[in-house]
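K.L.:
Structure incoming, see below.
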DNA sequence: GTTGAAACACTGTTCGT
DNA sequence: ACGAACAGTGTTTCAAC
């Protein structure tokens with residue numbers, strides 16, 4: 001059941017990520033399969049959890065939330081954000097990642113205005129040392145999950161440390 | 001045409017972000033409107049660019065790309081990543097943001113394995129000073145674009161600096 | 001995995017309020 | 001301008017090969 005994806009699966013994933021409303025008919029034509037066959041593959045991708053759902057893509061800026069920032073948080077002892085708050089308290093926080101390295105987490109936030117960001121950072125700052133980075137512009141985003149190139153990419157060896 | 005979104009629009013956006021395959025019939029029922037009325041609103045949201053499309057959500061880990069990292073890049077003069085490379089050369093890079101502050105850009109990357117990441121960072125490192133943060137786990141992600149709370153959030157004043 | 005058929009559901013339009 | 005019904009079309013899903 002955890003068998004890897006073949007190239008037709010990747011083709012299906014690419015098409016569905018580009019247009020999640022494709023019918024099995026059209027999708028089947030694009031991947032050169034019949035509708036029932038493609039329906040069965042999609043069903044398997046959904047049940048195995050590779051496809052988690054379908055959603056509309058919304059332009060946050062056009063919707064009135066033009067500001068994005070990344071916030072690195074180094075949690076203070078006993079006031080870790082993850083253990084002391086909920087997602088509902090911080091609707092501006094769109095992502096929370098635990099990190100290796102000197103900050104324990106990386107937050108992504110989205111706000112309507114600079115005062116809004118200022119207030120948010122003040123509320124976040126109570127939970128530890130903060131390092132915020134305002135996004136001036138987003139050059140590239142929303143790339144589809146693609147099949148990784150299976151070519152082995154050799155890393156330059158450090159001759160002085162190899163034996 | 002750039003008129004702001006009312007609460008029904010936000011309700012529609014919430015439903016469509018949760019399930020992009022909702023028919024106008026079901027959607028209309030959920031927002032207490034008729035199908036033609038809701039179809040017209042969705043059409044406007046699409047044409048005004050608030051809704052940019054519909055797509056399948058794919059679990060990158062389940063698809064064989066379990067590693068994510070953030071990379072802050074401080075471009076070296078004359079070898080800025082954005083001006084000297086293309087998206088095709090770096091399929092692992094899923095986002096590129098220009099930043100304020102000491103690093104000129106924040107990259108988000110997604111790879112299949114640690115050697116894969118190592119090779120990628122070596123290739124990226126040629127374009128400037130790098131600061132990478134490996135994501136250990138993602139606690140929260142994919143939050144829908146929501147209506148911002150319009151309550152003004154007053155920021156604590158700094159009494160010593162106000163007049 | 002493919003083809004064909006039948007039932008179903010959806011969309012877009014038209015009309016009435 | 002909104003809501004309701006109708007007709008046409010496209011889709012899904014089953015069967016058999």
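Protein chains in written order, with the UniProt record's numbering: chain A, 1 to 163; chain B, 1 to 163.
Using N, Cα and C, we set each Cβ at its ideal position, and we do this for glycine too.
(1) I believe residue 64/A touches residue 48/B by the beta-carbon criterion, under 8 Å. Please report the beta-carbon distance rounded to the nearest angstrom.
(2) If we count the other Cβ atoms within 10 Å of its Cβ and call it buried at 16 or more, is residue 9/B buried or exposed?
(3) Just the C-alpha distance for residue 125/B and residue 74/B, rounded to the nearest angstrom, thanks.
(4) What are the residues in the UniProt region "Disordered" (142–163) of chain A lying within 9 Å of chain B by C-beta distance?
(5) Within 8 Å, do at least three Cβ pairs link the region 16–27 of chain B to the region 55–63 of chain A?
(6) Tell me, which residues are paired with residue 131/A by DSSP?
(7) So the alpha helix (DSSP H) residue 45/A belongs to, where does it begin and stop?
(8) Let's test the definition: count the other Cβ atoms within 10 Å of the Cβ of residue 1/B and tell me whether it reaches 16, buried, or not, exposed.
(9) Are the C-beta atoms of residue 86/B and some chain A residue less than 7 Å apart?
(10) Please tell me whether residue 140/A and residue 96/B are closer than 7 Å, where the distance is taken between their beta carbons.
(11) In whole angstroms, give me the CA-to-CA distance for residue 117/A and residue 111/A.
(12) In chain B, which residues lie with their C-beta within 9 Å of the C-beta of residue 74/A?
(13) What is the DSSP secondary structure of residue 149/A, counted as helix, strand or coil?
(14) Closer than 9 Å by beta-carbon distance: list the chain B residues that pair up with residue 96/A, in chain order.
(15) Under 8 Å Cβ-Cβ, which residues of chain B neighbour residue 63/A?
(16) Nearest CA to the CA of residue 103/A: which residue from 88/A, 130/A, 119/A?
(17) In three-state DSSP terms, what is residue 159/A?
(18) Let's test the definition: count the other Cβ atoms within 10 Å of the Cβ of residue 77/B and tell me whether it reaches 16, buried, or not, exposed.
(19) Within the same chain, show all residues whose beta-carbon is closer than 8 Å to that of residue 79/A, passing over the 5 residues directly before and after it, in chain order.
(20) Are any of the Cβ atoms in chain B nearer than 7 Å to that of residue 134/A?
(21) Locate the beta strand (DSSP E) running through residue 244/A, then write down its first and last residues.
(22) Strictly under 7 Å for the Cβ-Cβ distance: is residue 66/A near chain B by that measure?
(23) Determine, using beta carbons only, whether residue 90/B and residue 133/B come nearer to each other than 7 Å.
(24) Could you tell me how far apart the beta carbons of residue 98/B and residue 135/A are, in whole angstroms, since I believe they sit closer than 8 Å?
(25) Can you give me the start and stop residues for the alpha helix (DSSP H) that residue 124/A sits inside?
(26) Measuring straight from C-alpha to C-alpha, what distance separates residue 6/A and residue 122/A?
(27) Would you decide whether residue 106/A is buried or exposed? Buried here means 16 or more other CB atoms lie within 10 Å of its CB.
P.N.:
Working from what's here:
(1) Rounded to whole angstroms, the Cβ separation of residue 64/A and residue 48/B is 12 Å, and the two are not in contact under 8 Å.
(2) Result: buried.
(3) 10 Å
(4) Flagged, chain order: 142, 143, 144, 145, 146, 147, 148, 149, 150, 152, 153, 154, 155, 156.
(5) yes
(6) 72/A
(7) Element bounds for residue 45/A: 35–47.
(8) With a pLDDT of 47 at residue 1/B, under the threshold of 50, the predicted position of this residue should be treated as unreliable, though the coordinate-derived value follows. So residue 1/B ends up on the exposed side.
(9) no
(10) yes
(11) In this structure, the straight-line span from the alpha carbon of residue 117/A to that of residue 111/A is close to 6 Å.
(12) Chain B residues near residue 74/A: none, gap ~12 Å exceeds 9 Å.
(13) coil
(14) Those are 138, 139, 140, 141, listed as they occur along chain B.
(15) 5, 13, 50, 145
(16) 130/A
(17) helix
(18) exposed
(19) 126, 127, 128
(20) yes
(21) Beyond the ends of chain A as shown, which are 1 and 163, falls residue 244/A; an answer cannot be given.
(22) No, residue 66/A lies away from the interface with chain B (no Cβ there is under 7 Å from its Cβ).
(23) no
(24) Beta-carbon to beta-carbon, residue 98/B and residue 135/A are separated by about 7 Å, close enough to satisfy the 8 Å threshold.
(25) Taken as a continuous stretch (DSSP letters only), the alpha helix (DSSP H) holding residue 124/A covers 114–125.
(26) 48 Å
(27) buried
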